[in-house]
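*Asks:*
Protein chains: 2
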Amino acid sequence: MNAQAYDLIVIGSGPAGQKGAICAAKLRKRVAVIDRRLMIGGVCVHTGTIPSKSVREAIFQLTGLAVRAFYGSNYRGNGEISIQDLSFRVNSIISRETEVIRAQLRRNNIGIYQGTAHFLDPHTIEVNGDGDKTTLHGENVLIACGTRPARSSDIPFDGKRILDTDEFTFATTLPREVIVVGAGVVGLEYASFMAAVGSEVTLIDQRPIILDFVDREIVDALAYHLRQMGTTFRLGEKVTRVGIDEQRDRVFAELESGKKVQGDMLLYAVGRQANGDQLQLEAAGLAADARGKIRVNENYQTAVPHIYAAGDVIGFPALASTSMEQGRLASSRMFGAPSEHMPELFPYGIYTIPEISMVGQTEEKLTAAKVPYEVGISKYIELAKSMMLGDETGMLKMLFDRNTRKLLGVHILGQRATEIIHIGQAVLAHGGSIEYFRDTVFNYPTLAEAYKVAALDGLNKL
Amino acid sequence: MNAQAYDLIVIGSGPAGQKGAICAAKLRKRVAVIDRRLMIGGVCVHTGTIPSKSVREAIFQLTGLAVRAFYGSNYRGNGEISIQDLSFRVNSIISRETEVIRAQLRRNNIGIYQGTAHFLDPHTIEVNGDGDKTTLHGENVLIACGTRPARSSDIPFDGKRILDTDEFTFATTLPREVIVVGAGVVGLEYASFMAAVGSEVTLIDQRPIILDFVDREIVDALAYHLRQMGTTFRLGEKVTRVGIDEQRDRVFAELESGKKVQGDMLLYAVGRQANGDQLQLEAAGLAADARGKIRVNENYQTAVPHIYAAGDVIGFPALASTSMEQGRLASSRMFGAPSEHMPELFPYGIYTIPEISMVGQTEEKLTAAKVPYEVGISKYIELAKSMMLGDETGMLKMLFDRNTRKLLGVHILGQRATEIIHIGQAVLAHGGSIEYFRDTVFNYPTLAEAYKVAALDGLNKL
């Protein structure tokens, strides 16, 4: 049997795979995308970014969370939120997003193969789908196979009371008391969602501090608000045993310090394992590292020149946004199309409630680099728009050079942080100064006004 | 009796007055602000921007408008929205905003005088508050006395069924059928709010087209969505008579074309009259024009050099955002503090449902100026975030130079338009190109991603 021949075979249809495939198709290349059945869009669409952010918006809209400031903390919108409300909403978004991606691939004449992929040789990939085997030949290959939750064999996952983060959105009840193990971005996001709908959350992490790459003041404010919503932090604590008390239908976690934490559910959110270990890379002359990751150079090229890799499988920063860009750049480089270097200035979005976004430098980094900076701060509570939105917790903080007044970094906590961060990013990218914000007219009322308030605050300190 | 002496007397505590006063106080000047009793913050806080935008947010949050896309057009959140819900919300925001402004003025040691103001001579102003008279002497004066609704004597206003826009938020029932006379920004905003809560709206304007300064494609889309929500447009139609049919408790408007429109309420939204006619300006050697407006030079200085004017009283663009900037600049110029010229590049925000924002050039202007532009468009329906927010109507459109690829204008319809427009504004202000958006990483999922999608669309056309 002859293999189907393509200019590019993409393994994985998540953000990196999609954008890589579409970019190559627009360069008039013959492109195929392989993904597992029912997984078009990848983990991003099915169990990761899309479901978790959809749950988040549904919580906002269905609980009336945003209006509690006006109606008191007992206001719950349409009464208690139900798992049916959440599931309905999330499933409808997943199926529509899957359709959007499938339509985009089809419109660009990209072949879609459903099944698991592995290399037979550096140019040949076999797709196994429900017993059918297909062999594809690719002049080039883009590996964008993503990650899966890192599971510890010590944890008795049962898909019901003890779950990993890929299973969570399919949970059938909302827990009254929940234990979250792992206070990284994903653990914090889910912890905040559950706290927002009224669960008592215990958040456990071995590390003594959370989100060490984020501005301290922002992280402290987030921790404060999570505590206000009923979250208990157990930081610098190691989990030694997790189990189920079947009689009482309860989950427990024992900590090295001797503490015992109980709940109705335990969410295990300790890192992710890349899927590089599942492609029989050795047949292509490649190898993944112990965490399944694949090493690439600045062109997203692996040790085998015609094989590229992009997205979560190559590691940091492992954001849907950066993965898309990597996929697009990988295809551009592969086919010699002009493309800019991937900007270092990418924003970081953390979709906790309240949400966080940042771009540029932190105080900690500037201090280490001995750059004399000044800080301008705006508290959302002084903005008319945040009153309307019921957000009393937000803040925007900008760092700028005391001498040149050049903007150095922006850090935001609060509603729409992930949207308005791009204003600061644009000014940073163009080498603008804090005076830009002073001299600019902002729509009133908006949260974006926080930039102007913060700039005036900062300039007053000079 | 000696007059209290100040470096600056500000007439009016709306956006222009507040910011002018605070700017002068920060320059260590003695400052007094005069406003009518219970009117700290001006029309902006009490009957204009703040109440109307608060009603808007309340409608979004209380009706579940945003989630209808998922639950079908009959979904109404907590059931029907009540006027009590709206009033409670709006009054709470008004009182908090008033407190914020009062606290800001106090913190800056600004004297607050409550009553109506008029000139006795170019430096002396009398304040009449509830029988008390106070005389103030100012080295400088800033007139920021704002506007009131323009009322026609032909219209039998009764404050109940026939209202102007300042009275509307105090209405005690939500009309089933409403007639809005005047399809300017304010008329359109209120019309869209009422349509969103389920009223049948008839919008009448003498002009044949609405929002002539806005991109046609955006306006057409807005009109389409307003019609979808049950709005009837009667453009190019002149109202000849308005009256009340007492027997049937109905309002009617007769049109020059012979048509007769009926409803439970009529909202008269035809322009505003500036309050320059109420200050006895002649005592200061000044005069207002027929619409009460005061003429100023580029430094916001009137014909009398120590008297400045800013905000709605000087006319276009008469936005809260631009008025703040004018107030701040007027005080800076008055006291010789360094200040940049007011940027021409101010964004325009129209808080209809769906909302509109724009910055820079329109297709119409570029065509007239013979600039060869290209267009990049992103439809919200293809963005993951807009699915989550339930916004299927939005779009972002960017105009750029075909040769230099420089960004020329951005036009947005849809949720958060007034926030994310500032991203385009920052790029425009720094002379950036459409390639910036192609090469930039945006948080995922956000509505801001529309910039990237539109940039790729635009570049594909070259």
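Taken in sequence, the protein lines are chains A and B. All the letters of the first sequence, read from the start, carry residue numbers 2 to 463 under our numbering. All the letters of the second sequence, read from the start, carry residue numbers 2 to 463 under our numbering. Yeah, the Cβ is synthetic: ideal placement off N, Cα and C, and Gly gets one too. Only a predicted model underlies this, so the values are computations on that prediction, with no experimental measurement involved.
(1) Run through the DSSP bridge pairs and tell me what Q274(B) is partnered with.
(2) In whole angstroms, what is the alpha-carbon distance linking V32(A) and R292(A)?
(3) With 16 as the cutoff for other CB atoms within 10 Å, does F71(B) come out buried or exposed?
(4) Between which two residues does the alpha helix (DSSP H) containing V186(A) stretch?
(5) Can you give me the Cβ contacts of S153(A) inside the same chain, cut-off strictly under 8 Å, excluding the 5 residues immediately before and after it?
(6) Among E58(A), V428(A), A145(A), G350(A), whose alpha-carbon lies nearest the alpha-carbon of A197(A)?
(7) At which residues does the beta strand (DSSP E) containing D246(B) begin and terminate?
(8) Mind listing, in chain order, the continuous beta strand (DSSP E) runs of no fewer than 3 residues lying wholly within the stretch 275-318 of chain B?
(9) Excluding five sequence neighbours on each side, which residues of the same chain lie with their C-beta closer than 6 Å to the C-beta of V297(B)?
(10) Does Y445(B) get closer than 8 Å to chain A when you measure Cβ to Cβ?
(11) Any contact between the stretch 343-359 of chain B and the stretch 223-241 of chain B? By contact I mean 3 or more CB pairs, one from each, below 8 Å.
(12) Have a look at I382(A), M399(A), S322(A), A285(A) and flag the residue whose alpha-carbon is nearest the alpha-carbon of M359(A).
(13) At the level of alpha carbons, what is the spacing between E383(B) and A385(A)?
(14) Ordered along the chain, which non-local residues of its own chain (more than five positions away) have a Cβ less than 7 Å from that of A451(B)?
(15) Is any beta-carbon of chain A found at less than 8 Å from that of Y225(B)?
(16) Is the shortest distance between the beta-carbon of I163(A) and the beta-carbons of chain C less than 8 Å?
(17) Is there a Cβ from chain B that is less than 8 Å from the Cβ of I378(A)?
(18) Checking contacts by CB at 8 Å: is L448(A) closer than that to chain B?
(19) Roughly how many angstroms lie between the CA atoms of L164(B) and L175(B), to the nearest whole one?
(20) Indicate the three-state DSSP secondary structure (helix, strand or coil) for G73(A) in the structure shown.
(21) Going by the CB atoms, is the gap between E420(A) and I413(B) shorter than 8 Å?
(22) What's the C-alpha gap between E98(B) and G15(B)?
(23) Alpha carbon to alpha carbon, how far is R38(B) from V11(B)?
(24) Start and end of the alpha helix (DSSP H) containing V215(A)?
(25) Within its chain, find whatever has a CB closer than 6 Å to the CB of K453(B); leave out the 5 residues flanking it on each side and keep chain order.
(26) Would you say R77(A) reaches chain B, if we count a Cβ-Cβ gap shorter than 8 Å as a contact?
(27) Since G231(B) meets chain A, which of its residues come closer than 8 Å, beta carbon to beta carbon?
(28) Going along chain A, which residues have a C-beta under 8 Å from G350(B)?
(29) Report the rounded CA-to-CA distance for V428(B) versus G410(B), giving the unit in angstroms.
(30) Under 8 Å between beta-carbons, which chain A residues line up against L390(B)? List them in chain order, please.
(31) Would you say E190(A) faces chain B, with C-beta separation under 8 Å as the test?
(32) Select from V101(A), L189(A), V262(A), T48(A) the residue whose C-alpha is nearest the C-alpha of F169(A).
(33) Which word fits I210(A), buried or exposed, when buried means at least 16 other C-beta atoms lie within 10 angstroms of its C-beta?
(34) Could one say the Cβ of A430(B) lies closer than 8 Å to chain A's Cβ atoms, at least one of them?
(35) Can you tell me the Cα-Cα spacing of A285(A) and A430(B), whole angstroms?
(36) Look at V181(A) and V215(A) and say whether their C-beta atoms are less than 8 Å apart.
*Replies:* A quick look at the data gives this:
(1) According to DSSP, which records beta bridges pairwise, Q274(B) is partnered with R149(B).
(2) Approximately 29 Å between the Cα atoms of the pair.
(3) Note that F71(B) scores 44 on pLDDT, short of 50, meaning its location in the model is unreliable; the coordinates nonetheless yield the value given after this. It counts as buried.
(4) First-last of the alpha helix (DSSP H) with V186(A): 186-197.
(5) The answer, listed in chain order, is Y269, V271.
(6) It is E58(A) whose Cα lies nearest to the Cα of A197(A).
(7) Annotation: the continuous beta strand (DSSP E) that includes D246(B) extends over 240-246.
(8) When DSSP assignments are scanned along the stretch 275-318 of chain B, the uninterrupted stretches of beta strand (DSSP E) that are 3 or more residues long and fall wholly within it turn out to be 308-310.
(9) Cβ-Cβ distances below 6 Å link V297(B) to T303, A310, I315 in the same chain, with the five nearest sequence neighbours on each side left out; the list follows chain order.
(10) So yes, Y445(B) belongs to the interface.
(11) The stretch 343-359 of chain B vs the stretch 223-241 of chain B: in contact.
(12) Comparing Cα-Cα distances from M359(A) to each of I382(A), M399(A), S322(A), A285(A), the minimum goes to M399(A).
(13) Between the C-alpha atoms of E383(B) and A385(A) there is a straight-line separation of about 31 Å.
(14) Excluding the 5 residues flanking it on each side, A451(B) has same chain C-beta neighbours closer than 7 Å at S379, Y381, L384, L397, in chain order.
(15) Under the Cβ criterion of 8 Å, Y225(B) is not counted among the residues facing chain A.
(16) Of the protein chains in the structure, A and B, none is chain C.
(17) False, the Cβ-Cβ gap to chain B never drops below 8 Å.
(18) It does; some Cβ of chain B falls within 8 Å.
(19) When rounded, the separation of the alpha-carbon atoms in L164(B) and L175(B) is 13 Å.
(20) Note on G73(A): pLDDT 42, under 50, position unreliable in the model; no value is reported.
(21) A distance of 8 Å or more separates the beta carbons of I413(B) and E420(A).
(22) Cα to Cα, the separation comes out at about 11 Å.
(23) Distance from the CA atom of R38(B) to the CA atom of V11(B), rounded to whole angstroms, is 15 Å.
(24) Neither: V215(A) is in no alpha helix (DSSP H) and is coded neither H nor E.
(25) In the same chain as K453(B), and ignoring 5 residues on each side of it, the C-beta atoms closer than 6 Å to its own belong to F438, F443, in chain order.
(26) Confidence at R77(A) is low in this model, with a pLDDT of 43, below 50, so the placement of that residue is unreliable and no value is reported for it.
(27) Correct list: empty, because the minimum Cβ distance to chain A is about 23 Å.
(28) What G350(B) touches in chain A: N444, Y445, T447.
(29) CA-to-CA, the gap between V428(B) and G410(B) works out to about 10 Å.
(30) Correct list: E58.
(31) Output row for E190(A): interface = no.
(32) It is T48(A) whose Cα lies nearest to the Cα of F169(A).
(33) With fewer than 16 other Cβ atoms within 10 Å, it is exposed.
(34) By the rule that beta-carbons nearer than 8 Å mark a contact, A430(B) touches chain A.
(35) When rounded, the separation of the alpha-carbon atoms in A285(A) and A430(B) is 50 Å.
(36) In this structure, V181(A) lies away from V215(A), with their beta-carbon atoms at least 8 Å apart.
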